[in-house]
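What follows is a single structure, written as structure tokens, with notes after it.
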Ligand SMILES: NC(=O)c1ccc[n+]([C@@H]2O[C@H](COP(=O)([O-])OP(=O)(O)OC[C@H]3O[C@@H](n4cnc5c(N)ncnc54)[C@H](O)[C@@H]3O)[C@@H](O)[C@H]2O)c1
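The structure is reproduced here in structure tokens:
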């Protein structure tokens, strides 16, 4: 039996990176998955990969930061699967590294809309259904950027710090309902979002430096974040609530440290 056997799940940002790896793993663990993304073709590819592996998936193009579209994806999952047990609110954008004095209100608003208001809307609309049902698990993707500086731009980092607070406050908003809310805080993971960093390092021949700031001395793979999301989504995590768990090779455990040369 898979650890998500019989669960009805939504994964946002499922066309790429951590979201695709999570949709594939959730399905492999027995969940029926509504795969949501704004990028339609790559999303269909995720659903096709799940079907090819013998799993059940439905693809739905939607903007994870639009209230009407979040309501629509929640309604679609319930209609397709007859209920909803898990939401992984994972879709996000980086916004790049724009110098602070050049950042505009519109730039901030778009990053907060997708990265923070999107997960809030998932909590609001899926949470309402789960509270009535008396069970459910909502997982959000925060980041080590939400813990402290130098892992993303100002609005990106603020949006991820906001998610960490959101899972704490929402877990309490759902007091006594049986609905759990948690976040995963990835470190540096090779995905579509970080492709420019990896391409740049490989272009300069400095790829060996990628991930050297954490005590494992390497960057992470999307499946390593998916594993935590699947665990938090599952009943194995039945007493874990309101937490933001770092999956970062130990990056957030250290002070800045220059290792002695061998
Ligand atoms: N890659 C990393 O190192 C890293 C580290 C920490 C946190 N994260 C977070 O992980 C999550 C997944 O990112 P990833 O690294 O897999 O990047 P990715 O770019 O490979 O995947 C993100 C997906 O989200 C989708 N998306 C973006 N905006 C959307 C919207 N408005 N509506 C629907 N879909 C939308 C994109 O189309 C894309 O398919 C993000 O929240 C990101 O902030 C990534």
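In our numbering, the protein residues as written are 1 to 262. In this text, a Cβ means the ideal position worked out from N, Cα and C, and glycines have one as well.
Outcome for residue i when other beta-carbon atoms lying within 10 angstroms are tallied against a minimum of 16
i, result
"residue 218", "exposed"
"residue 105", "exposed"
"residue 239", "exposed"
"residue 215", "exposed"
"residue 256", "exposed"
"residue 75", "exposed"
Residue i: CB within 7 Å of a non-hydrogen atom of ligand 1
i, result
"residue 64", "yes"
"residue 17", "yes"
"residue 90", "yes"
"residue 228", "no"
"residue 173", "no"
"residue 38", "yes"
"residue 115", "yes"
"residue 189", "yes"
"residue 193", "yes"
Presumed contact (8 Å Cβ cut-off) between residue i and residue j, rounded CB distance
i, j, result
"residue 14", "residue 20", "6 Å"
"residue 27", "residue 50", "4 Å"
"residue 65", "residue 118", "4 Å"
Residue i - containing beta strand (DSSP E), residue span
i, result
"residue 182", "179 to 186"
"residue 240", "Note, residue 240: premise wrong, no beta strand (DSSP E); not H, not E."
"residue 86", "86 to 89"
"residue 265", "The structure shown does not extend to residue 265, since the chain is modelled only from 1 to 262, so the question has no answer here."
"residue 36", "32 to 37"
Opening and closing residue of the alpha helix (DSSP H) in which residue i lies
i, result
"residue 60", "Element bounds for residue 60: not the alpha helix (DSSP H) but the beta strand (DSSP E), 56 to 61."
"residue 65", "Looking at the DSSP string, residue 65 is not in any alpha helix (DSSP H), and its letter there is neither H nor E."
"residue 162", "154 to 173"
Which listed residue (the options) has its alpha carbon closest to that of residue i
i, options, result
"residue 251", "68, 100, 210", "210"
"residue 190", "4, 6, 17", "17"
"residue 220", "198, 4, 206, 239", "198"
"residue 169", "62, 76, 242, 67", "242"
"residue 160", "3, 90, 56, 138", "90"
"residue 92", "77, 110, 82", "110"
"residue 167", "103, 75, 139, 40", "139"
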